[in-house]
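Protein chains in written order, with my numbering: chain A, 1 to 138; chain B, 1001 to 1511; chain C, 2001 to 2500; chain D, 3001 to 3279.
Glycine included, C-beta positions come from ideal geometry on N, C-alpha and C.
For reference, the structure discussed in these notes is given below.
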Amino acid sequence: MDVMVFAFTAIAISFAINIAIAAYGIFTDKSLLKKLISLIIFSDTLAAFAVLIGFRLPSVLSDYPSPPILTNIPESVDYLEEISAKAVDPVPQAFIITAIVINFAVFSFLLGLLLLNYKYFGSVNVSVIEEEAGDEVY
Amino acid sequence: MNALPASILMNYLFAAVALSILGLTKHRKVLDIIALSASVTGLMLSLILMRYITSNGSITYTFGGFKPPLGVVYYADFVSGVFSLISSFALLISTMCAFATMSFATRKYLYILAYLLLTGVHGFIFSGDVFHLYVSVELIAISAYAITALYSNRSGNIRAALLYGIAGTSITSFLFLAVIILYGSYGTVNMADIALKSIFNEEYVPYSGYVFGDVSTASIVALALITWVFLFKSGIMPNHFWLPNVYRVTPIAGLILFTSSADLIGIYGVLRLYHVVFGDRCIISSFRTTMMSLLTAMSMISTFFSSLLVAKQVRIRNIVAYSTIAQLSIALSGVVAGVPEAVSGAILHVVANALGDALVLCGFTLHAWSSNKHMRKLGMVSISIGFVNLFGLLPIVPGFWSKALMSLGFLKVGNLLGVIVILLSTGLCAIGYFRYLTRIAIRELAKSTPPRDYSEKMLSIPIVILITVTIGFSLSIILNPYLLPIVINNTLDSTRSDRFIYNLLGIKPGE
Amino acid sequence: MNMQVEWWSNIALATLMILAGNVILHKSALFGNVFKIIGYIYILLFTKGVDVFSNTLIAASSITGVSLTFYTYAYSKSKYSSISLPPLIDLFLISMILVFRSGTLIEFITFWLLTELIAFFLIAYDYMVSEDVNSMRASVKYLVFSMIPTDLALFIILALAGFEDAFTKHILDLSINISNPLVLVVIILGFFAKAAVIPLHFWLPDAHSVAPSPASVLLSGLMVKMGIYALYLLSSQIVDVVVSFTMMTFLGGLTAVYGAAQASLQRDLKRLLAYSTTSETGILSLIAGLYVLSRDESFITAIILYSLAHAVYKSFMFMDSGYIEVTIHTRNINELGFVSKLSPMQTTSTLMSIISYLGMPPSIGFLAKLYVFTTISKHLGDSVVYFMALLVLVLKVVVSVLYNAIYLKAHLGKQLSTKMFTGCSRRDEVALKTSCFTSSLYSYVIIIYALSVLQGRIIVQPGLVELLYATIAILLLVSLTLYPLIYIVLKRGTNGGVLT
Amino acid sequence: MQLKLRRVKNAVKERKLRRTPLIATALIVITVALSIVIVEGGFGVLPPNQIRELGRTILINTYNPWNTTLTSYSLNSVSAIIWDYRGIDTLIETTVLFASVVGLSIIFQGIKPKPLGAGKGMSIIAKTTVKLVILLTVAASLSIAVHGHITPGGGFQGGSILAIIASLTIVAYSIGVIFRSGVSLDVLLKIRYLALLTLLLTAITPIVLGLVLNTRAYVLQNMAKEDSVVSMPATFLNTPLAGSIFFFNLIEYIVVSTSIVFIIVLFTLSSKILGSKGE
C-alpha cells in the first residue's frame, strides 16, 4: 500500500511540475505559436489533474474503479449504493468537459487571431511584432 | 421576484442570440431596435433588482431547483446589484454610442459581443459558485478579446487582442486550477459552503458532507492563485501590461463597456473573496491578513506609478487607460481596507470611474468628429465633467464622495498613508487631465473624418444622459445626507460572511 | 434659516449682476464694468460673514473686486487682446467669497476646491493662450504642492467630522477631535501648503509670478488668506496645543525671515512681491500659533487687521506690476526706474501703498502693525517665545523696508531709458492707472472699517484704546499735511508723463 | 533590415535574461505550493478510497426513482451533472463557443468562399473509403449524442465526432465539395444560431410551463422538485429519456458540430493567408 501512496503522490506532483513547465513556456517563449501550444498543454494538464483528483481506488482492491455510469436501470437502492462504492467522482469529469469546450472555443479564436497577426506582421515572434508595430498612432 | 438575477442573464443571452440571427438577415432597423430595447429592458430589470434588494434584502436563485451545494445558485445582494446596475447602464450607453459611431457591418457584431460580455458579467457577479465563476470569466474574456479585435483590418487591434488573449487565457487557466484545488480539498464548489467550512472545518453540510482533505494549505494556494487572477483582470500593476495596449485600439463603444464591466470584475472578485468566502474568521485568517496588507501595499504602489504615467500622457486613450489603472488600484485599496466605509467608497469609486471614463470618451468622439459648433461645445462640456469627475475633488461629482468615503475608512483603520496616496494620485492624474483639457480648450484637435454612418445627434443623447446621471447622482448625495449611511449599511450587510452563508445554505455558522 | 435664504438670494443676485456685466462687456465696456462694480458693492453692503474674520475677508474681497473691474478689462484687452480673462477672474473671486462665507463644513470644502480648480486654470492661463510652457510648469507645481496637500487636509477633516456633522452643523460650532498628532501635522502642513509656509512654500513664487496680474492680485492678496482662515478655524477645534503651536510659530517665523530675505534678492517685480507674500503669511501663521498658545482673542484681531492690510497692499502692488508690465513690457527692476517720469500719479499711488505697508499713519498698515506689536508686547512676560516672535517681527520689518526700497527703484531713479514701450492704448492706460490709484486709496479708506472692527472687539485695556485713538488722530493730522508735500516735490522733478 | 533584426534579437536576449529568472522563481513557488498541498493531504489521503460526498450524492441520485425530488433519470451521471445539476454552466459554456464563432467571423470578415474548381483530391480508393467512413461516423456520432444520458457520451462528444466529416472531406476531396453540397458558411451559422435559440427556449420551457400551470418553476428545471411540480418527460416508450437532458444533448450536438465545421471551413479558406504574408 505504501508503494501505492508513493506512486500516486509522485504522479500528482509530476502533474504539478508539468503545469509549471507549461506555464514557463507560456511566459518566456517568444514565439506566439509556441505560447499557444504551451497553453494547450497547460490546460490539458489541468484537465488531467482534475480527473486525478476525482479518481479513487475501491476499498476491495480486486474491484477496479468503474466509470460513473449506471449500466442498467436500478432495481433497488442497494444497486445505487453498490455503484457509488466503486465509481469514480463524476463532478470533476463534468468540470473538464465544460473546460474542454471552453478551451476549444478560446483556442480556435486565438488561432484565428494568430493567423491574421501573421498576415499583418509576417512573424509570430513577439519582439519582431513589437518592433514592427512601433508606436502606432490612433 | 426571486428569478430577477436569472432573468437579467436570460434577457442578455436571448438578445445576443436574436441579434446574431437577425444579423444574418437584412433587417437593419429591426436589429438596432432590438439591441436598444434589450439594453433598456436589462437596465430596467437591474433597477428593479436594486430596488427590491434595498427594500427586501438579498435574493437567492437556484438553477434547476437544486439546493445550493448540489446545483448552481445565484446570489444577488447590494454590492452585486450596484455592479449589475452600472454594467447594464454602460451597455445602454455603449449601444447608443455604437449606433451613432459605427458602420452597420461592425456594430452588428459589437451588439452581439456586448450582450455576451454582459451575460458573462452578470454570471460572474451573481454567481454563488466558484466553478461558475470560472465559466463566466471565460465568457467575459473571450467577448473582450473579440471586441478588441473588432476592427480586424487594423493590425494594432489584432496584435492587442492576441497578446491580451494569450495572457488572459493563461491566467484564467489558473482560476480553473484554483477551482480544482478547492473542490479537491473542500469537496464542494459552492462559495457559501466553502465559506462555512473555512470557518468550521468539521461542519456537515447536506449533499456535500464533510471536507475531504486538509483545507488550510489548499485554501492558501487557492486564495493566492485566485487573487492573482483577479489582479490581472483589473489591470493592477504589475499585471497591467495588457490594459494600455487594449485601450489604445478598442472602439469607444467597447471601451465604455470595459471600464464599467469587464475590468471591474477583479475588484468585485477580491471583494467577494476576501470578505465573504474567506472572511476574517476563516482558518487561514493570518495568511488572509498578510495578503490584505500585501494587497494594500501593492495597490498603493500601483496607484502611485500609474498616476505618474497619467501625468506623462498626452493622448486621450492613454490617459483613460492609465487613469483606469490608477482608479481601480485606489478602489482595490479601499476594498481590502476592511471597514464598510472604505468598501462602499471603493464601490462608489468604481461607479464614478466608469461614469467619468464614459463621459470623457463619448465627449472626445463628439468633439473630434463633429463639425457643428454646438455639438463640439457639448463634447467639450462632457470631457470637462468627465475629467472633473475622475479628478473628484468637487462635491458636485460622484468622484468626490467616493474619495471622501475611502478617506473616512482609511482614517478609521489608522491608514493615513492611504489617504495621502489617494490625494497624491489625484494630483498626479490631474496633471494629465488638465493639461489635456487646457490643450483642447484652445486648440483645434486634428479633425478626423467621421465614418459614413456617423450621427452626431444620436451621439449627443448618451452624453446628455451621462451628464444628467453624473450630476444628479452627486446632487442626490448632497441633498440627502442619509444616502451615504444607507449605502454604508447595505455594504456592511453584503460583506458579512455569516449572512451570506445563512442566505445560501440556511445554516447559521456556529450553531 | 431665514438668514440662509437671505444670504443665498443676495449672493445669487450679486453673482447674476456680475455675470451679466461680463456679458454686457462684449457690447459696451463701460456699462459692463459698472454693472460688475455694482454687483461687488452689493456684496460689500448686503452680505455678512459668519464672524468678524470672514466678514473682513469678504469685505476685502469685494473691494478688490471693485478695484479690479476696470483694471482686468484693460489688462486683458491690451495684453491678450481679448476679454476672456474677466469672467474667469470674477468666478474665482466669487467662489472665494463663498469660501469665506461658508456656513457648513461641506460648503466650505466645496467652494474651497472650486476655488483651487479655477486658480489652476488661471495660473495656466498663459499656456492656454500662448503655450507658455513656464506657466504650465508653474501650475503643475501649484497643483502638486499646494492643492493636493490642502485637499488632503480637507479630506481628513471631513472624514474626522463625519458626514452628518459636515452637512448640518455650523462651521464655527464644529469641535473635531484631532487627537492623533500625526494627523494633526498632516492637516497643518496641508493648510501651510495653501498659505505657502515652509516647507511647502516653493510653489508660490512661480505660480504668482506667471499668472496674469489680476489673477496674481487675487492669488496673493486673498487666496493665501484662505490658508490662514483655515488655520484660524482649525485652532478652535480640539487640537494638541504643543504640536500646532510649535509648527505654526516656528515654521511661520522661519518663513517670515526667509521670504523677506529672498524678496530683497529678487530683481523681478512679481517674484519680489510673491516672496514678500510668503513672508507675510509666515507672520500670520506665527500670530496664529501665538493665539493657539495663549488663547488671547486679541491675536485674532491682530490677524484680522494684518490680513486686511496685506490684502489691500498686495492687491495694489500686483496691479502696479501689471501696469508696468503692460506699458513697458518688462518686469526687471534693473531695466526700469523711469516709471515716475511716465506717470507720476502711478508713482504716488505706489508710495501711498508702501507707506501703508511700512506702517506709517494714517494707513491701515499702521494700525495693523501697531496692534500686532502691542498685543505681543502684552504677553512678553509670559514666555520667551513672545520675545522671539517680536524679534522676528522686527527683523522682518527691517528687511521689508529694504525690499520695498528695491521695488521703489522701478519707479524712481533712472532717467528715461532708450528702451521705450510700445504701450497700450491711451484709454486702457488711464483705466489701469485709475484703478491702481483707487486701490491704493483703500489703504486709507478702509481704516474706518478697521476701527469698527476694533470697536466691536474691545480686548485691550480701555485706557490703551483711548491712547490708541489719540495717537491715530495726531498722526493722521501730521501725515495729511506731510504727504501732499511729498507729491509736490515729486511732481516738480518730472516733465509730466508723455506717452508716445 | 539586417541591422534591425540584430537589434531585435539583442533586445530579445536582454529581456529574456531579465525576465526569465523571475518567472521561473514564480513557477517554482507554484509547483512547490501545489506539491505541499498534495503531500500534506490537501486532497485527502492518496490514493483515495472514497469519493467526495457531492459526487456520491449525485451518483446515488442520478437515476433514483425512490427520491424523485433530486433525481434526473439519467443513467450517465456526468450527463446529468452537465445538463441538469449544473446546467447553467453548460449553457454559458455553449455561449463561449458562440462568442468564439462570432469572433472568428469578425476576424475573417473579408474572406469569401471562391469557386475553387473541382480539385483533384485523393485516389478513388481513398475517396470510397472516406465515403464509407462518413456514413459510419454519422451513425456513430448520432448514437453517442442521442444516447448521451444512457451510455458514455453527450452532445459535445457527438458533435465533435460529426465535425470530423468536414475535415475528412476537405482532405480527401476538396473544399469545393462542401460548398457544392449546399453547406455554406451562412447556412452553418443559421443552423447554429437557430439551434442555440432552441437551446435557450428549452432552458426556459419549465418557466413557461410554470406560468401556464400557475406554479413555481426554475430555469433549466428537469424533474419535479420539492417546491415545484413542473417536470419534463422522464421516459419515452419505456426508454429512459432523462427529460430535458435528451433534448439538450440533441441540440448541443447540432450546435457543436456546426460550430466546429464552421471553424474548420474558415481555417481552410484562410490558410491562403499564410502564403501571402505582410500585405
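Reference residue i, options the options, closest by Cα
{"i": "B:Val1336", "options": "B:Phe1305, B:Leu1366, B:Leu1255, B:Tyr1268", "result": "B:Tyr1268"}
{"i": "C:Leu2412", "options": "C:Ala2124, C:Leu2342, C:Ala2159, C:Asp2126", "result": "C:Leu2342"}
{"i": "D:Ser3181", "options": "D:Ser3143, D:Ala3166, D:Leu3189, D:Leu3027", "result": "D:Ala3166"}
{"i": "B:Tyr1151", "options": "B:Lys1108, B:Ile1486, B:Lys1412, B:Thr1172", "result": "B:Lys1108"}
{"i": "C:His2310", "options": "C:Arg2426, C:Ser2298, C:Thr2277", "result": "C:Thr2277"}
{"i": "A:Val91", "options": "D:Asn3067, D:Ser3100, D:Ile3081, D:Leu3097", "result": "D:Ile3081"}
{"i": "C:Arg2505", "options": "B:Glu1203, B:Ala1311, B:Phe1099", "result": "There is no way to answer for residue 2505 of chain C, as the model of chain C reaches only from 2001 to 2500."}
{"i": "C:Phe2120", "options": "C:Ala2230, C:Leu2251, C:Ser2321, C:Ala2211", "result": "C:Ala2211"}
{"i": "C:Thr2374", "options": "C:Ser2139, C:Leu2305, C:Met2248", "result": "C:Leu2305"}
{"i": "B:Leu1271", "options": "B:Thr1227, B:Leu1466, B:Phe1287, B:Gly1235", "result": "B:Thr1227"}
{"i": "B:Thr1426", "options": "B:Ala1098, B:Ala1105, B:Phe1387, B:Leu1036", "result": "B:Phe1387"}
{"i": "B:Phe1078", "options": "B:Cys1362, B:Ser1046, B:Asp1280, B:Ser1208", "result": "B:Ser1046"}
{"i": "D:Ser3271", "options": "A:Phe121, A:Leu114, A:Asp2", "result": "A:Leu114"}
{"i": "C:Met2161", "options": "B:Cys1282, B:Cys1429, B:Ser1407", "result": "Inspection of the sequence shows that residue 2161 of chain C is occupied by Ala rather than by Met. Measuring from the Cα of C:Ala2161, the nearest candidate turns out to be B:Ser1407."}
Cross-strand partners of residue i (DSSP beta bridge)
{"i": "D:Pro3240", "result": "D:Thr3235"}
{"i": "D:Lys3225", "result": "D:Ser3228"}
{"i": "B:Ser1127", "result": "B:Tyr1074"}
{"i": "B:Leu1209", "result": "Residue 1209 of chain B is actually Gly in this sequence, not Leu. B:Gly1209 pairs with B:Val1205."}
{"i": "B:Ile1059", "result": "B:Ala1076"}
Euclidean distance between Cα positions of residue i and residue j
{"i": "C:Lys2079", "j": "C:Val2326", "result": "6 Å"}
{"i": "C:Arg2271", "j": "C:Ser2349", "result": "20 Å"}
{"i": "C:Leu2234", "j": "D:Thr3095", "result": "60 Å"}
{"i": "C:Asn2010", "j": "C:Pro2087", "result": "19 Å"}
{"i": "B:Phe1124", "j": "B:Lys1026", "result": "34 Å"}
{"i": "D:Leu3211", "j": "B:Phe1089", "result": "29 Å"}
{"i": "D:Leu3022", "j": "B:Ala1195", "result": "33 Å"}
{"i": "B:Ile1256", "j": "B:Glu1138", "result": "20 Å"}
{"i": "C:Ser2285", "j": "C:Tyr2258", "result": "14 Å"}
{"i": "D:Leu3162", "j": "D:Ser3174", "result": "18 Å"}
{"i": "B:Tyr1145", "j": "C:Ile2018", "result": "54 Å"}
{"i": "C:Ile2157", "j": "B:Pro1485", "result": "18 Å"}
{"i": "C:Ala2389", "j": "C:Gly2282", "result": "11 Å"}
{"i": "B:Asp1280", "j": "B:Ser1286", "result": "9 Å"}
Cβ-based neighbour list, residue i, same chain, cut-off 7 Å, excluding 5 preceding and 5 following
{"i": "D:Asp3227", "result": "Arg3216"}
{"i": "D:Asn2991", "result": "The structure shown does not extend to residue 2991 of chain D, since chain D is modelled only from 3001 through 3279, so no value can be given for it."}
{"i": "D:Asn3067", "result": "Asn3061"}
Proximal residues to residue i (C-beta, below 6 Å), its chain only, five neighbours per side dropped
{"i": "C:Met2128", "result": "none"}
{"i": "D:Ser3105", "result": "none"}
{"i": "B:Pro1481", "result": "none"}
{"i": "C:Thr2249", "result": "Leu2286, Gly2289"}
{"i": "B:Ile1316", "result": "Phe1364"}
Neighbourhood of residue i by C-beta, 8 Å cutoff - its chain only, sequence neighbours within 5 removed
{"i": "D:Ile3178", "result": "Ala3166, Thr3169, Ile3170, Val3265"}
{"i": "B:Thr1491", "result": "Phe1078, Val1079, Pro1340, Val1343, Ser1344, Ile1347"}
heavy atom of the ligand ADP below 7 Å from residue i C-beta
{"i": "C:Ala2256", "result": "Among the components modelled here there is no ligand, and therefore nothing to report on the ligand ADP."}
For this session: Say whether the stretch 1229 to 1245 of chain B touches the stretch 1078 to 1098 of chain B, bearing in mind that this needs 3 or more beta-carbon pairs closer than 8 Å, one atom from each stretch.
Result: no
Problem set entry | the stretch 3136 to 3146 of chain D contacting the stretch 3076 to 3088 of chain D, beta-carbon criterion three pairs below 8 Å | no
Problem set entry | Three CB pairs or more closer than 8 Å across the stretch 1430 to 1441 of chain B and the stretch 2198 to 2211 of chain C | no
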